[in-house]
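J.:
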Amino acid sequence: MAENSSMPLQRTSPTVHPTVLLTAKLNSPCTAVTAAASPFGDDPHNRNLCYIIYGKANGETIVASDDQCIQQSIPTESECAISVIVCGDGRDIDEAEIFVIAADGQMRVFSFPRCLERGVPRSFQAGECQFEQLLNANICFAEILDFDYDGKNELLVAMTDRVVRSYRYEEVDDDEMHFVPLNKWEVPSHISGISVGYDTDLTVLLSQVHHQKYVRINWATQCRVVQPMSAEESTKNTHQLILPPKPIRVSLFSSIATKVFVANTTCNSEILLKVDKSPITGAAATILGNKLQILITVDSKGFTFVYGWMDHLIPNTDPMARCRIPRNPDRLCALADPGNPNVVLLGVSYLGNKLTFLKFNLENSLIKANLAIDQQ
Numbered sequence: 001m002a003e004n005s006s007m008p009l010q011r012t013s014p015t016v017h018p019t020v021l022l023t024a025k026l027n028s029p030c031t032a033v034t035a036a037a038s039p040f041g042d043d044p045h046n047r048n049l050c051y052i053i054y055g056k057a058n059g060e061t062i063v064a065s066d067d068q069c070i071q072q073s074i075p076t077e078s079e080c081a082i083s084v085i086v087c088g089d090g091r092d093i094d095e096a097e098i099f100v101i102a103a104d105g106q107m108r109v110f111s112f113p114r115c116l117e118r119g120v121p122r123s124f125q126a127g128e129c130q131f132e133q134l135l136n137a138n139i140c141f142a143e144i145l146d147f148d149y150d151g152k153n154e155l156l157v158a159m160t161d162r163v164v165r166s167y168r169y170e171e172v173d174d175d176e177m178h179f180v181p182l183n184k185w186e187v188p189s190h191i192s193g194i195s196v197g198y199d200t201d202l203t204v205l206l207s208q209v210h211h212q213k214y215v216r217i218n219w220a221t222q223c224r225v226v227q228p229m230s231a232e233e234s235t236k237n238t239h240q241l242i243l244p245p246k247p248i249r250v251s252l253f254s255s256i257a258t259k260v261f262v263a264n265t266t267c268n269s270e271i272l273l274k275v276d277k278s279p280i281t282g283a284a285a286t287i288l289g290n291k292l293q294i295l296i297t298v299d300s301k302g303f304t305f306v307y308g309w310m311d312h313l314i315p316n317t318d319p320m321a322r323c324r325i326p327r328n329p330d331r332l333c334a335l336a337d338p339g340n341p342n343v344v345l346l347g348v349s350y351l352g353n354k355l356t357f358l359k360f361n362l363e364n365s366l367i368k369a370n371l372a373i374d375q376q
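Under UniProt numbering, think of the first position of the sequence shown as 1, with each following residue one higher.
1. Over the uninterrupted beta strand (DSSP E) stretch that includes I271, give me the two end residues.
2. For the beta strand (DSSP E) containing E171, list its first residue and its last residue.
3. Compare the Cα-Cα distances from F305 to each of D311, L292, T297 and report the closest residue.
4. The beta strand (DSSP E) that contains L366, what's its start and end?
5. Under the rule that 16 or more other beta-carbon atoms within 10 Å means buried, what is N153, buried or exposed?
6. Does DSSP put S5 in a helix, in a strand, or in coil?
7. Take every Cβ of the region 39-55, pair it with every Cβ of the region 104-121, and state whether three or more of those distances are shorter than 8 Å.
8. For S207, I'd like the list of residues in its chain whose CB is within less than 6 Å of its CB, leaving aside the five on either flank, ordered along the chain.
9. Taking 6 Å as the limit between beta carbons, can you name the residues of its chain near C333, skipping five residues before and five after?
10. Going by the beta-carbon positions, is the gap between F131 and I70 smaller than 7 Å?
11. Which residue from S83, G88, C115, C323 puts its Cα closest to that of A64?
12. Judging by CA-CA distance, which residue of D92, N268, G105, V86 is the nearest neighbour of I98?
13. What does the Cβ neighbour count give for P326, buried or exposed, with the cut at 16 atoms within 10 Å?
14. Could you check which residue in N183, Y198, E117, S83 has the C-alpha nearest to that of M310?
15. Name, in chain order, the residues that DSSP records as bridge partners for Q227.
16. Could you work out which residue in T203, V84, K259, I93 is closest to D299 when comparing CA atoms only?
17. Report all residues from its chain with a CB closer than 6 Å to the CB of N364; omit the five preceding and five following residues, and keep chain order.
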């Protein structure tokens, strides 16, 4: 059942003015970007430290901290574009690492650089390569989570050829550790967007180009389920992004979206968020420290909209905040600020070889949207 016609009337969303933490002019186009919190939170010099990590078309990867004290360049032996960067404990060593995947499938795993003295430029211990392995080519998305609830993390990747795979870091016949393939799913049409998050369980939803159906990967049965879009018109010009009620990671695969749905498979319902007329060129999601689900979208003109809701409840489909960033944004990544439950950090790469790292304080927007939570 679709829920898209009886939503509250659109309200005037407050404008937020982000703080610019970092800006860069690149010598090569940005082809992948992510943000992460420092895994060394117990160290006072690294507490609440955040990184923006981006890869370029020439194969170089940059790791920079939000206070600009850390700036590490990771060179490459071959000039192959970086297609995906993801952070997490993919090798189950109880410590997050940086996973850098090139377009040819070469994956390298690095430790995080460590700040030695806060506020002192270039005072850091550089991250080092810990592991490398050749995976499949043309990987354009990756996430690290315990998808099947077995106590071990898996590496989920999606490729441009309609294929999604999962890997686990295990010992193989030669007594060495490798990422071993676990599952493979093929979808009917090209993937135009992917979202990872929670419904009743951890779920992966795949949007398809020019399709009135989306694909849900069911980890309990290890199969894919094709779901019809009840709220979508019967037209071939379909560019939608499908989200679970609690999204934690979203990607548009360098595609566009003209509609955004939140699909609740438990209730067999869809909620259509109110978006601007301009096609969405980038999207990012995270969960703030106050448990608020955050979705950020941006169009080619730089108009940025922030949506927020608690749990499975979406009382208002309008954006709760908006702003405008420079034109021609290309890729987005979002990170909940570990030091402030009302703040989200947004990494943006632009056409024209530019990059910014922004800080949004949403406290006033949350109060106006009746989403503020007493943090006492």
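For each residue, glycine too, the CB sits at the ideal point set by N, CA and C.
T.: On the basis of the supplied data:
1. Unbroken beta strand (DSSP E) run through I271: 269-273.
2. Element bounds for E171: 163-171.
3. Ranking the options by Cα distance to F305, first place goes to T297.
4. Where L366 is concerned, there is no enclosing beta strand (DSSP E), although the alpha helix (DSSP H) it sits in stretches over 363-368.
5. Burial call: buried.
6. Bear in mind that the predicted position of S5 carries a pLDDT of just 38, short of 50, making it too unreliable to give a figure here.
7. Yes, the region 39-55 is in contact with the region 104-121.
8. Around S207: S192, G193, Y214, Q240, L241, I242.
9. Only V33, T34, A35, A284, G347 meet the Cβ criterion.
10. The Cβ-Cβ distance between F131 and I70 does not fall below 7 Å.
11. Restricting attention to S83, G88, C115, C323, the CA atom closest to the CA of A64 is found in C115.
12. From the listed residues D92, N268, G105, V86, the smallest Cα separation to I98 is found for V86.
13. Taking every protein chain shown into account, the CB of P326 has fewer than 16 other CB atoms within 10 angstroms, so this residue is exposed.
14. Ranking the options by Cα distance to M310, first place goes to Y198.
15. Partner(s): Y214.
16. Closest option to D299, Cα to Cα, is K259.
17. Cβ within range, chain order: n/a, list empty.
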